[in-house]
Structure formats: C-alpha cells, structure tokens
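Residue numbers (my numbering), protein chains in the order written: chain A, 734 to 935; chain B, 6 to 790.
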Amino acid sequence: MNERNILRYLHISGEPDDQTRELIEECIREAKMQIEPKRVYRVYDITREENGISLDGTLFEGEQIRHRLMGFDQCAVFAVTLGIGGDLLVRRYSSVQPSKAAVMHAVLADMTESVCDLTEAQIRKGPPAYETGVRFSPGYPGLPLDYQPLIFNMLEITKRIGITLTESNFMIPHKSVTAFMGVKEKHYEQFSGVVGKKNFVF
Amino acid sequence: MSSFRELLGKRILFFDGAMGTMLQNAGLKSGELPDLMNLSDPALIGGIHAKYLDAGCNVVTTNTFGANRLKLKDKVGEVISAAIGIARKETSKYENAFVAQDIGPTGKLLAPFGDLAFEKAVELFAEQVRAGEDKADLILIETMSDLYEAKAAILAAKENSSLPVVVTMIFGSGGRLLTGADAANAAVTLAGLGVDALGINCGFGPEAMLPLVEQMAAATDLPILVSPNAGLPEVVDGRTVFNVEPEEFASYMVKIVNAGACCIGGCCGTTPDHIRAEIEACRDLPLVKTERETPTAVTSYSKRVEFGERTVIIGERINPTGKKRFKQALRENDLDYIIDEGIDQADTGADILDVNVGLPEIDEKQMLTDVVKELQTVVSLPLQLDTTNTQALEEALRVYNGKAMINSVNGKKETTDAVFPLVKKYGGVTVCLLLDEEGIPASSEGRLAIADRILKRAAEFGIPARELVFDPLAMAVSTDPNAARITLETVHKLHKKGLKTVLGVSNVSFGLPDRELLTSEFFVLAMQAGLSAGIVNPKSERVMNACRAFNALSGRDENFADYIGTRSAAEVKTSADAEKKTLFDCILKGLSEEARTGALELLKTKDALEIIDSDIIPALNEAGRRFEEKSLFLPQLLMCAEAAKTVFGVIKESIPREDAVSKGKILICTVKNDVHDIGKNIVKTLLENYGYEVIDLGKDVAPETVAREVVSRSIRLVGLSALMTTTVPFMEQTVKAVRAAAPDCRIMVGGAVLTQKYADMIGADSYSRDAMGAVRYAEEVFSVK
C-alpha cells in the first residue's frame, strides 16, 4: 500500500489527522478481507496498419495507440480487477458513512494500481524477460473506450476474471483496469499466462 | 426408452465433454462466434455430438452457449432451432440418449452492480427458451458465476417451458461465486428455485471440485451434476491447453461420484477420450446418498443461514408498528433511514432481517421491492419478507437475490393457498403462525393441531416440513399469566417432533415495565425449550447478551469465541467514554456517537431549534470554512457531516413534524450512461446537512427523466454529476431537456472531468469544484425568494 497515493486521491496535502488515519487503516483492513485480485495478460506481436495497429488479427484504430507503441515490436495487454467485493464495500458505506466510502474508494484505487504494478513486474520478469514501456489504458485521450470490447474478446476477460462491460463500455467491478504496454523481449521465447490469486499480499 | 426425468437420480447419467475445445481443435479462431457454426457447418457440430455419443455418454449439449440476443441479434431462433435439430439427429440413433438445450451466461453483470436489469435478463433467457420449443429433453443452464443471473435464467425456463431444468455454477478461487456465495449457498438457492438437478462446471479440474461437491451434497438432496475442466488452462504458443489426461481425469471422477454426484460430464479441455475413460471408471459405481438430513436454510447473495443448534437471530427493527419515525420515513420514501436500521442490526449481530414496510397509505408492493433491492446491496444477511400483501410478496421474492424467509401463513386456508405456490416457484422458508379462523388456540394441543394442518397442506403443494418454521405465538403475559407457559410448551413439543420454531419474542413483555428484562429472560427459556429462531431487537444489548450467555452455557459457543469477543469489545467501549466535549466540538470532529449523547443531554435544557442554530450550523460552517482553506480535508468534512446528520436525527424526533423546515428542494443525479456516484453522494450528504431536501434520482439517469421530475416536483435547483468525458454529452442533453421543460430551474454541474469552461459550454448556471461549492451555490439560489 502506498499511503501517499491514498492521501493524494483524497486531496489531502500534508499530514492527515488521527481520525482520518484511523479511517484509512480501517478501510485497508476491511478491503483486504473483501477483495479478490485477479489478472490476465498476454503478449502480442504488433502489426502496424495504416490506421492503427493490429494484435493477433484484432485492429485497434487510432493514431495515439500507434504513437504510444512506437519502437516496440510487441505489446502486452492486460486486465486486472479487485473483484466485486470492492464495489460492495463502497456501496455499503456510501449512504450510511460517506466519509468511509470516500476513503474506501481511495484505498481501493491504490490497491488496483498495486495490482497493475505487480502485473507489470510479472510481465517484465517473464520468462522471457522483457523491457517495458509506459502502460496506458482505454479512456485516455485519443484511446477510445471502444477498444474495451476488443480487449475483452482477446483475453476472454469476462470468462477468466469476471469483469463485465456495460453498454457504454465501463467495467464492472469498477475497481478494474485494462491496459496496453509496449514490450521488448530480452530473450527469444513465447510467453503469456493467466494468474488468479486470492489473499494477495500487498 | 425412458425420459430424462425418469432416469435422473436413479442411475449415473453421463453428460458430454467440451464443445468449445473441439471447435478450436477444428480451427475455430478466438473471437469467432461458435454458435453461428450451427448454421455454417452443421456437419462439424453433428460430428462432435456423434463422437461423444460413441464414447457412451447419455446427454449431449447443444452448441448454443452464447446464443442470446446480445451476441446473435435476431439470429437467436434460427441458431437454437438448428442446434437442437443437429443434436437430435445424432441422439435418435441411440437408446436413452438425450439432448440438453444449452444456455450460458449473458456476459453482462446484473443490476445493481452491472447495467443489465433483472427482468431484462429474464427476457433474454426467455427468448432462448422459447426458441427451443421444448424440442430438447432438458434445459442446461451452465457456467453461471452469479446466482442472480442463474435465477433469471431459471425463471425464464420455468415460465416458458415444461422441460427439466439443470443448473451448474462456475466457482472462483476459494470455492466462491462472484458475489461471495459458497457451494452450499448455491445449492440451497438453486434448490429453492425448483430446479431438477444442480451442480458445478468449468473453472477447476476435477480434483479441486471434490470439496465443493461434498458441500453441495450436504446442503441439498437434489441430483448433482459435475463437469470439471481437464485441469487448469495454460496458454502455450498462444493456445489454451489443459493438462489432465483421460485416465487421471477418470480416477478423480470416481471420487466425485462417491462424494454424491449422480450426473458427470466434462467441460473445457475434455474430449471424447476423457468421457470414455470416465464412463469406463464410473459406470458400475453405486449412487451415493448423503447420510445427513437436508437442513433448513435460507440464503442471501453471499451468506447462508442454517437453522440448527444455535438459535437464529432475526432482526425485528424494520417495521413501522409503534414507531413514529419509521412511519415518517416510509411516507417520505426515505430509504436511507430504513437501510440504516438494517445495517445497524447487521452490525449488532442479526443473522436475518425481517422486512415489514406496510402502511395503509403507501404502495406496499413498490416499497417492499425497493427496500429489498436496496438492502441486498448493502447488507449481506438473508431477508425475511414480512407482508400480508401477496402481490408485494411475489414481486419482492422475484427480485430477492437468494432464498428468503417468508412471514407468514397461518391455519387459514386462504393464506396457505396464496403463499405456497409462490414458495414453490421462488423458494423460501415459510413462517407458519399457529392460529386460524377461530383465533389462537388456548392450549398447546390446539396449536399443534394447526401445525399439522399446515404441514399437510404444504405437502400437497410439494413443500416438505423442513421448509416451514412454526410460530406458536408469544402473547403478552400481562393479559394472560399463562401465555408464556403455553407458548414454551408448544415450542418444546414442536421441537420434539423435529420441527423448526420461531417466536416474536418481545410480545411477551407488552404492557409491563422494563420490558427488556422480561423479554430477555423469556428468550432464554424459549431457547432452552428448543427455539430455532427468535425475532428480536438485536440492538438491545440485554437480549443479545442473554442469547450469548445461553450459547456459552449450553455448549453452543465453540471456545467461547462469540462470548469473549463481545465482552472485550464492551469493556473497551466503557473505558473510552472519558472526557466531555461540547456538542460543537463533537460535530466538528466528526464524533457521531458522542454527538448523539451530547445532543440528547442538551435537549433536556435547550430548545431543539436553538441547538440547530447555535451548535450544529456553526460546527458545519466551521468545517466548511476549514475545508475551503484546506486545513481540513474531505474525509473529515464528511465525518463532520455524518455527526451532524446523527444529531439532526435525534432532534427531528423531538420536533413536531410540521415545524421541521426545509430550506428548499434540490434534485441531483449522475447523468445517463455514467455509473459513478461517489461525488454525487458526497454532495447529497452535505446539502442535506445544510437543511435542504435532496431528491436523489441515482445514477445513469436519462435526460427525459430529469426533466419530468423537475417539472412534477417543482424543482428550483438541479445538480448533475458526470465523471467521464464520454458522458459529458449526456450532461449537455440533460441541461437542454431541463431548460426546455423548466426555464426557471437553475442547474449546477460537477464531476472529475468538468471545468468552468466545460460547464459554460454546455450551458449550466454554475460549476461546483467540490461539495462545498454546491452548498454555496444552493445558498445563493435559495436566498433569492
């Protein structure tokens, strides 16, 4: 857990007071019991097209994605989620204790980031070991949410880790991320995998 | 030739293995819709069925896993009809070979967490069922990760077909479903919905499934179907492969049959060779029935409560009887107040919550459904639906995510005959009051006679005794000194007959002083007599302590875990009550509990309205000021608001209703297609504290709805929230719709992506950077009369 990030999400500059700190710790404790982090990722060869890139036959149209993957031959695509437990927690507190809902939201956001970081580290480690670029996600400027169904299809995300898409391509559970990341192999072997873990240690 | 129903549970039936794996082996690319191959390559599909039948299986599953409107648009009927035809052509060559019409999940998450409405899901599944025209031998609903979606599919099947229905769930790590339910919970909930068989498929290999099968077998007496994967998936060279070979697979399947499964098949990665090996190994095994009697149990989406050794605590507080504040909440549609009662009871140790929201002047059907929907998103306890309105009961049972308790029927035939058909359809454990047209019999024999009558009537509806809980009725001792004795006698006799019992415990003390004392002592006596469940106030420490002490003294509290746990918490609480703070400080610091006691104390000497003016509002203002100068942050601001809300609650009870003043009505919501509501909820909390009446339309609200509500409720100020750039256009549409319908209504907007510039561009009157900004603007709007 990164307390600085949690404070940043809560727009707290400087030191939090004791009560807020207590609330943060309480939320971390409860969240750890409720979340079930899962991830799925795969590394694809990039085919550059006129109007975007394609990964294993799936075309992602747009200049941004081409631009961001410049200098890489391969692209890791991943999805992570904390599971529905996170949504349940926020919902439970949002009407009765909004302060806790807000802090919980920040704590879960940070946990989601941690799972992304761990996934990145896992991809880097391999085998084979990779050098990686900066990860980026649908919803960023120039990267439409229309990419979501394509990614979901490629990684069988709903089936494997239980994230679903709404009609407007939001993910549920909310505490979920999909991302692209340019990678360069350090050795020459094919690799990809699926991992689902309970009681993740942060 | 026998029918599937005739053979089910009588002998081991073998289902087929994977379809998807076979299609991938035949060259299906990821992303292609396998269901369409029923039309494009029927010979290939028929060939796969033939291989499984040749391996010896009894049931082949149609290639229609994803054949719903979301994926196939208007091809649903054509695809399903073709698929069943293909399968039938192959099974007709064999004796005792059956076609299962396959129905997989929609791939969407149901509301309230997802955006697929429950009834919409029922409709999607119903279309699939109707397309099958009962031409298959059974309907197989499989790979369901959410019990709520499974329920939608089962209702669709039952309402549109007379075929047997078999349902299998996919469990995640830890042996739990998406929302936290374990295998026993799933078995209880599905059995309640009247399925013919239930079980597990996909997700795990056979070894990992074994403990789940054992859990299911202990929770239900229905036939169990188990279709494991051939191990866990691994991706090798971009293709998914499974690592358990046929022989090993078969050896585990023997254990699964011994654990209680009577139908077995295979899921991802299994091939005709796996099925052949499995049949070879299991064909001559005897069917295993579990020794344990199926328990009486109810469920929520994540919890199962069994009526066993320990007395089950049913929280009685969600009930307007004799509660002024609760009635007011019902009349004002104040769901938050009702939900708070639920959460409080869950926190103080209730196992189940009774939900009674009947008032003559409100629409009970609507209210009960709304409360059930709302409660089951914030409280994980099973609910007891308490109503005499059959329509309200049915609607609530339909949306309830689990197997509910139903309160109640009695010896009058009109009650059993109205309620039992619903129990049969939706599942549920029914409270049976031991009274009839003649009233409450004076003797325990008279009450037992009514119990017998109800049991008989239930059996005629196919409802076994374990689905009933009998209430011998606790009456006030103040009106009849023998009342308690007769009730306890009846509890004891019912208990001896192996029947479950429940009592509304607190009635006993009606009309006497210090009711808690009598209630808690009577509760202990009733538990001693064998009471299965008590409807009590879990917020009463005395009652709960009596129960804990009883459990500790009667060997029902292992290692005294519950007793010791609650005792040490109680000690901490008393030692923390030390120093005194002013009400202003308590609110400013966000100490809700201290603020509540402080306010009660202050009310003895100070006028309620004066407290608002001299303590609450100044504290709120001070917190707001510090927030704006950034010496206090959001969580503290909200904690302060919560403390203020608590104090307002205390004060509201002491002011006559007509004196309570609202500073103005404000309507807020998150705009269409946006499902983020944290910011909106924060704004709501603060506005309410500043004395505004907030009408919260929720999230994902259509522009027309906002405009309509603005007009019908004569709203002067609307607050709109949007988090994503993609939903800002809907905010703009909403602004336009409101402007067109109510030109005088002011509109404020806020949300992560908004800026002053954006707000101006879409024509809003005000942009609020944060929740305090919304309060300030509201003050500006409502200060102009």
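Don't be surprised by glycine CBs; every beta carbon is placed ideally from N, CA and C.
Is it buried or exposed for I905 (chain A), if we count other Cβ within 10 angstroms and need 16 for buried?
-> buried
Beta-carbon proximity list for K76 (chain B), same chain, < 8 Å, skipping 5 on both sides = L38, D40 and G112
Using the Cα positions of A202 (chain B) and Y431 (chain B), report the straight-line distance between them to the nearest angstrom.
-> Taking C-alpha positions only, A202 (chain B) is separated from Y431 (chain B) by approximately 16 Å.
Assuming H907 (chain A) and D843 (chain A) make a contact with CB atoms under 8 Å, what is their CB distance in whole Å?
-> About 14 Å separates the beta carbon of H907 (chain A) from that of D843 (chain A), a gap too long to meet the 8 Å contact definition.
Please classify T148 (chain B): does DSSP put it in a helix, a strand, or coil?
-> strand
Are P874 (chain A) and Y880 (chain A) closer than 7 Å when you measure CB to CB?
-> no
Use the C-beta contact count for K858 (chain A): other C-beta atoms within 10 angstroms, 16 or more gives buried, fewer gives exposed.
-> exposed
Spell out the partners DSSP gives A202 (chain B) in its beta bridges.
-> B:V171
Between which two residues does the alpha helix (DSSP H) containing E442 (chain B) stretch?
-> Neither: E442 (chain B) is in no alpha helix (DSSP H) and is coded neither H nor E.
R824 (chain A) versus Q350 (chain B) - alpha carbon distance | 17 Å
Spatial neighbours of S773 (chain B) within its chain, please: CB distance less than 7 Å, with the 5 preceding and 5 following residues excluded, ordered by chain position.
-> M753, G755, A779 and Y782
What is the residue span of the beta strand (DSSP E) that T2 (chain B) lies within?
-> Any property of residue 2 (chain B) remains undetermined from this structure, which presents chain B solely from 6 to 790.
Own chain partners of L883 (chain A) with C-beta closer than 7 Å, once the 5 adjacent residues on each side are dropped = T791 and F793
Cβ of G669 (chain B) versus every heavy atom of the ligand NAP: is any distance shorter than 6 Å?
-> The ligand NAP is absent from the structure shown, which contains no ligand whatsoever.
What separation, rounded to the nearest whole angstrom, lies between the Cα atoms of D485 (chain B) and I491 (chain B)?
-> 10 Å
Under 9 Å by beta carbon: chain A residues contacting P216 (chain B) | Result: empty, since nearest Cβ-Cβ is about 15 Å, beyond 9 Å.
Just the chain A side, please: which residues come within less than 8 Å of N686 (chain B) by C-beta, in chain order?
-> Think of a sphere of 8 Å around the beta carbon of N686 (chain B): the chain A residues whose beta carbon falls inside it are S827, S828, P831 and A834, in chain order.
Burial state of L44 (chain B) (16 or more Cβ within 10 Å) = exposed
Cα separation between D757 (chain B) and I779 (chain A)?
-> A quick correction: the sequence has Ala, not Asp, at residue 757 (chain B). C-alpha separation (whole angstroms): 34 Å.
T793 (chain B) to V246 (chain B) span [Cα, whole Å] | Residue 793 (chain B) is absent from the model: chain B starts at 6 and stops at 790.
Under 7 Å between C-beta atoms of H500 (chain B) and G539 (chain B) | no
Mind checking if H838 (chain A) is an interface residue toward chain B, Cβ cutoff 7 Å exclusive?
-> yes
How big is the Cα-Cα spacing for G61 (chain B) and D278 (chain B)?
-> Their backbone Cα atoms lie some 10 Å apart in a straight line.
Could you list the residues in the segment 108–120 of chain B with a C-beta less than 7 Å from some C-beta on chain A, going in chain order?
-> G112, K113, L114, F118, G119 and D120
Straight-line Cα distance separating E399 (chain B) from T421 (chain B) = 14 Å
Find out if the Cβ-Cβ distance for the pair L230 (chain B), V171 (chain B) is shorter than 7 Å.
-> yes
Label R751 (chain B) either buried or exposed according to how many other C-beta atoms from any shown protein chain fall within 10 Å of its C-beta, with 16 as the threshold for buried.
-> Looking at its Cβ environment, which holds 16 or more other Cβ atoms inside 10 Å, R751 (chain B) is buried.
Check whether the Cβ of L639 (chain B) lies closer than 7 Å to any Cβ atom in chain A.
-> yes
Burial state of N234 (chain B), where buried means 16 or more other Cβ atoms lie within 10 Å = buried
Inter-stretch contact (C-beta, 8 Å, three-pair minimum) for the segment 46–63 of chain B and the segment 88–104 of chain B | The segment 46–63 of chain B, when compared against the segment 88–104 of chain B, does touch it at the 8 Å Cβ threshold.
Counting only runs of 4+ residues fully inside the segment 264–302 of chain B, write out the alpha helix (DSSP H) ranges in chain order.
-> For the segment 264–302 of chain B, whole alpha helix (DSSP H) runs of length 4 or above, ordered along the chain, are 277–287.
Three-state secondary structure (DSSP) of K163 (chain B) = helix
Answer with buried or exposed for K505 (chain B), where buried requires no fewer than 16 other C-beta atoms within 10 angstroms of its C-beta.
-> buried
From I700 (chain B) to N415 (chain B), what distance separates their C-alpha atoms?
-> 40 Å
At least 3 beta-carbon pairs within less than 8 Å: the segment 133–145 of chain B vs the segment 160–176 of chain B = yes
Going along chain B, which residues have a C-beta under 7 Å from I905 (chain A)?
-> L114, F118 and G119
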